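Residue numbers (the numbering used here), protein chains in the order written: chain A, 2 to 358; chain B, 14 to 433.
Shown next, in the form of structure tokens:
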């Protein structure tokens, strides 16, 4: 099946899901377009390699003078309407919204099929004060896409109708990394947005209980002050470093363990990448139906908000390089089996075909 | 205000950079100074819309925020030039005069300060006071141009956190200059003073004035405190990350798992734009939901002092899981109401609460410790009553509003004396 498909997203990076899927769809003969909402060019640059004719930037902000003196109405009025205008120009047969908040705020053109991906943040905390938050989406979407069973369970709790087609498609990851050998201390890594949802204050506290380790946190976000203060308060300023988002390949190549302390439902996006790179994982539970999402020979799962338990698992791994090596091997095998990019695209194509019919 | 203090009688105090209405403890202070005969004016950046401007004896003036869009700032400057002579002169003086050198930081900030001065320049204060370190850093050039002594407050929290944040580098680099320019620096606790001295404060300028409460308003309940079927806990504070709400909820979960049928009332508003950080409300709702506490946690929003007092009187303990503090007013208010407190040792809390005396003090980020302390109080009502009584005595001895007002008067008198 092929056809014109528009993926609507916000400020994607080169490594992000929309860009990876976009390239995959092009390779499969889809007439794919990438629509970027709130394209603030002061803070974000389009990833390299995206053909201009297929990249649609909406609500562009790039000129400080315009921001300072331009008519406020032009700058701030409903960016979603500008996205809708772009979609009307593209005339897609199918619109795939990258996350629930975009899907709720933006309407697809009449006649286009609608698929909405629901992410951890969407189903866990999106509109958490409003029990009917997702009602409009259930009415508009032809299908829902989630990346694991825990998210499907949470979506059901948030009111997803029983007859809604919900495709659980594991993310595809392709990473070929040469791991550098371990030097002295244990090298820990998190690749996460710096938001409270990632539980990084707890992983920082856990690290304070693990002797002789280094912890890199790669990401950006508004919770950085809280993390900087946590690092200072638990006394690990010298061993925990913050850095902006970077290419996950090199980051993972020089890590011994990936740490995910996420406190919302779903498997953290960085976990499949780590497994593909052969990096053992210590992670918090993914939520209902997600408890057994990953076997213990690749990932050690602890309760959320429990730094002591996390530290204990990290100490176990620190003391046992052989176990880490075994986990690394098993992780690569599991990633090949479960997080295959070709399979993800097959399943997405199948989902699109179903939605279009 | 107790006793005549001649120098401050009729002196004009200008408080710059307050949100309006300000926190209850600042309102009390301003009213107290006005009652003592000072002229009190407030320049507020958040005064807008239907916000009531009235506070007995206090004049409130809107000053534009430098974060406003330059287009609006520019329009404001032009507007101010058309206003009465005094304001226009102030604005012109600010644009080209003593304010110029520090303004290299940015066009927007410069415009904002010129506009602020055009709003406040005609007030001719005898003292300018910044109640928050961030206001001092932000509006210091403005205060300097008013050519009067400057007092600033260090209230804890910010001085612990901001120096750790790269995006607040300007705050950190300009704070020592604010300390240098200030005639006196008020610190809410010894711990806060220690942090300020680390950041460049001359200890001789420091004035320790702790928070205080009115023990005739915050009183123990007129009825005997009797253990009910559930342990009633109260937490009060802005819904900001530094208040440690998630740790408090985790403590509640552990407490319930330990067999204590507890419930928690959370009182506090969401941070405003001037706080510059996101609300913790979604995080609190999520944690309560995920930890199975939805039925045990009630979010009440911001409440009046009278409503807070009633909650404290009906509660079994105050739970204060904060991560960064000066000395929190709510802890003193709870103690005044004869309520045992379970709190972290953040900031200067230990200067008000003795561990095992007026309540329990545990390390920040230790939900297990908080839960154990609460369970102890639940299982030993006599201990809880003893701690409550000790808290009341401690407040009466060391944290009364009357004593605090005396200290404020002394501070301002000292500053005016030196200026004279």
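We put the CB at the ideal spot given by N, CA and C, even for glycine. All of these numbers come straight from a predicted model, not from anything done at the bench.
Going along the chain, which residues of its own chain have a beta-carbon closer than 8 angstroms to the beta-carbon of residue 327/A, five neighbours each way excluded? Indexing the first chain from 1 puts residue 327/A at position 326. A distance below 8 angstroms between beta-carbons, with the five flanking residues on each side excluded, links residue 327/A to the following residues of its chain, in chain order: 298.
Within 8 angstroms of any Cβ in chain A, is that where the Cβ of residue 323/B sits? For the purposes of this step, residue 323/B is identified with residue 310 of the second chain, where counting begins at 1. No, no contact with chain A.
Could you tell me which residues DSSP pairs with residue 1/A in its beta bridges? Because chain A here runs from 2 to 358, residue 1/A falls outside it and cannot be looked at.
Taking only beta-carbon positions, decide if residue 340/B is within less than 8 angstroms of chain A. Walking along the second chain from the start, residue 340/B turns up at place 327. With 8 angstroms as the cut-off, residue 340/B does not count as an interface residue toward chain A.
Outcome for residue 263/A when other beta-carbon atoms lying within 10 angstroms are tallied against a minimum of 16: Position 262 of the first chain, counted from the start, is the residue given in the question as residue 263/A. Counting Cβ neighbours within 10 Å, residue 263/A comes out buried, since at least 16 surround it.
On a CA-only basis, which of 354/B, 346/B, 361/B and 273/B is nearest residue 323/B? Give me that one, please. Within the second chain, numbered from 1, the residue matching residue 323/B stands at position 310. Closest option to residue 323/B, judged by alpha-carbon separation, among 354/B, 346/B, 361/B and 273/B: 346/B.
In this structure, how does DSSP classify residue 273/B when only helix, strand and coil are distinguished? Translated into the one-based positions of the second chain, residue 273/B becomes position 260. Note: residue 273/B maps to coil in three-state DSSP.
If residue 391/B sits next to residue 244/B, beta carbons under 8 angstroms apart, how far is it from one beta carbon to the other, in whole angstroms? Walking along the second chain from the start, residue 391/B turns up at place 378. Walking along the second chain from the start, residue 244/B turns up at place 231. With a Cβ gap of about 5 angstroms, residue 391/B and residue 244/B count as contacting.
Backbone CA spacing between residue 134/B and residue 31/B [nearest angstrom]: The residue you call residue 134/B lines up with position 121 of the second chain. The residue you call residue 31/B lines up with position 18 of the second chain. Roughly 17 angstroms between the two C-alpha positions.
Buried versus exposed, by CB contacts within 10 Å (16 or more), residue 21/A: Counted from its first residue, the first chain places residue 21/A at position 20. Buried, since its Cβ has 16 or more Cβ neighbours within 10 Å.
N-terminal and C-terminal residue of the beta strand (DSSP E) that residue 18/A is part of: As a first step, residue 18/A must be located in the first chain, where it is residue number 17. Counted as a single uninterrupted DSSP element, the stretch harbouring residue 18/A is not any beta strand (DSSP E) but the alpha helix (DSSP H) occupying residues 18–28.
Is the CB of residue 304/A under 8 angstroms away from at least one CB in chain B? What you label residue 304/A is simply residue 303 of the first chain in a count that begins at 1. No, residue 304/A does not count as interfacial toward chain B.
Given residue 405/B, which residues of its chain have a CB within under 7 angstroms of its CB, disregarding the five upstream and five downstream residues? Here residue 405/B refers to the residue found at position 392 of the second chain. Cβ within range, chain order: 233, 348, 349 and 351.
Return the bridge partner residues of residue 220/B from the DSSP annotation. Position 207 of the second chain holds residue 220/B. 199/B, per the DSSP bridge assignment.
Sort 320/B, 263/B and 355/B by Cα distance to residue 307/A and report the nearest one. In the first chain, residue 307/A corresponds to position 306, counting from 1. It is 263/B.
Let me confirm a value: residue 338/A is counted as buried when at least 16 other C-beta atoms fall within 10 Å, else exposed. Which label applies? In the first chain, residue 338/A corresponds to position 337, counting from 1. Only exposed fits residue 338/A, as fewer than 16 other CB atoms lie within 10 angstroms of its CB.
From the beta carbon of residue 377/B, is the nearest beta carbon of chain A less than 8 angstroms away? What you label residue 377/B is simply residue 364 of the second chain in a count that begins at 1. For residue 377/B, at least one C-beta of chain A is nearer than 8 angstroms to its own C-beta.
Taking buried to mean at least 16 other C-beta atoms within 10 Å of its own C-beta, is residue 236/B buried or exposed? Residue mapping note: residue 236/B aligns to position 223 of the second chain, counting from 1. By the C-beta density criterion, residue 236/B is exposed, having fewer than 16 other C-beta atoms within 10 angstroms.
Just verifying my parser: in three-state terms, what is the DSSP assignment at residue 31/A? Here the question's residue 31/A lines up with position 30 in the first chain. In this structure, residue 31/A counts as coil in the three-state DSSP scheme.
At 7 angstroms on the CB atoms, spell out the chain B contacts of residue 233/A, in chain order. Against the first chain, residue 233/A aligns to sequence position 232. Those within 7 angstroms of residue 233/A in chain B are 177.
Counting only the same chain and skipping the five closest in sequence on each side, list residues whose C-beta sits under 6 angstroms from that of residue 199/B. Locating residue 199/B in the second chain gives position 186, where the first residue counts as 1. Counting only Cβ-Cβ distances below 6 angstroms, and skipping sequence neighbours, we find 166, 220 and 222.
Under 8 angstroms, do residue 298/B and residue 129/A count as touching if we go by C-beta distance? Position 285 of the second chain, counted from the first residue, corresponds to residue 298/B. Position 128 of the first chain, counted from the first residue, corresponds to residue 129/A. Cβ atoms of residue 298/B and residue 129/A: closer than 8 angstroms.
Could I get the ranges of all uninterrupted beta strand (DSSP E) runs contained in the region 298–347 of chain B, with 3 residues as the minimum, in chain order? With a minimum length of 3 residues, the continuous beta strand (DSSP E) runs that stay inside the region 298–347 of chain B are 310–314 and 330–333.
Burial state of residue 322/A, where buried means 16 or more other Cβ atoms lie within 10 Å: Locating residue 322/A in the first chain gives position 321, counting from the first residue. Counting other Cβ atoms within 10 Å of its Cβ, residue 322/A stays below 16 and is therefore classed as exposed.
Measure from the alpha carbon of residue 349/A to the alpha carbon of each residue in 96/A, 45/A and 50/A, then state which is nearest. For this step, residue 349/A is matched to residue 348 along the first chain. Nearest C-alpha to residue 349/A: 96/A.
Does chain B have any CB closer than 8 angstroms to the CB of residue 135/A? Position 134 of the first chain, counted from the start, is the residue given in the question as residue 135/A. It does not; no Cβ of chain B falls within 8 angstroms.
Considering only DSSP beta bridges, list what residue 373/B is partnered with. Taking the first residue of the second chain as position 1, residue 373/B is located at position 360. Answer is 355/B.
Would you mind telling me which residues of chain A sit closer than 7 angstroms to residue 295/B, beta carbon to beta carbon, in chain order? Start at 1 with the first residue of the second chain, and residue 295/B comes out as number 282. Around residue 295/B, the beta-carbon contacts reaching into chain A at under 7 angstroms are 126 and 129.
So what's residue 165/A in DSSP terms, helix, strand or just coil? Looking up residue 165/A in the first chain gives position 164. It is coil, neither helix nor strand.
Return the first residue and the last residue of the beta strand (DSSP E) that residue 243/A is part of. Here residue 243/A corresponds to residue number 242 of the first chain, with the count starting at 1. From DSSP, the beta strand (DSSP E) with residue 243/A extends over 241–244.
Proximity winner among 72/B, 180/B, 384/B and 313/B, relative to residue 330/B (alpha-carbon distances): As a first step, residue 330/B must be located in the second chain, where it is residue number 317. Comparing Cα-Cα distances from residue 330/B to each of 72/B, 180/B, 384/B and 313/B, the minimum goes to 384/B.
Just reading off the beta strand (DSSP E) that residue 167/B is part of, what are its end residues? For the purposes of this step, residue 167/B is taken as the residue at position 154 of the second chain. Unbroken beta strand (DSSP E) run through residue 167/B: 163–167.
Are there 16 or more other CB atoms within 10 angstroms of the CB of residue 113/B, so buried, or fewer, so exposed? As a working note, residue 113/B is residue 100 in the second chain. Low local confidence applies: a pLDDT of 40 at residue 113/B is under 50, so the model's placement there is unreliable, with the coordinate-based value given in what follows. Around the beta carbon of residue 113/B, a 10 Å sphere encloses fewer than 16 other beta carbons of the protein chains shown; the residue is thus reported as exposed.
Which ranges does the beta strand (DSSP E) cover as unbroken runs of at least 3 residues, wholly within the region 196–222 of chain A, from first to last along the chain? Runs of the beta strand (DSSP E) inside the region 196–222 of chain A: 214–219.
Boundaries of the beta strand (DSSP E) in which residue 396/B is found, first to last residue: Sequence index remark: in the second chain, residue 396/B carries index 383 (1-based). DSSP places residue 396/B in no beta strand (DSSP E) but in the uninterrupted alpha helix (DSSP H) bounded by 394–411.
Would you kindly check if the distance between the Cβ of residue 162/B and the Cβ of residue 386/B is under 8 angstroms? For the purposes of this step, residue 386/B is taken as the residue at position 373 of the second chain. For the purposes of this step, residue 162/B is taken as the residue at position 149 of the second chain. It is not a contact, given that the beta carbons lie outside the stated cut-off.
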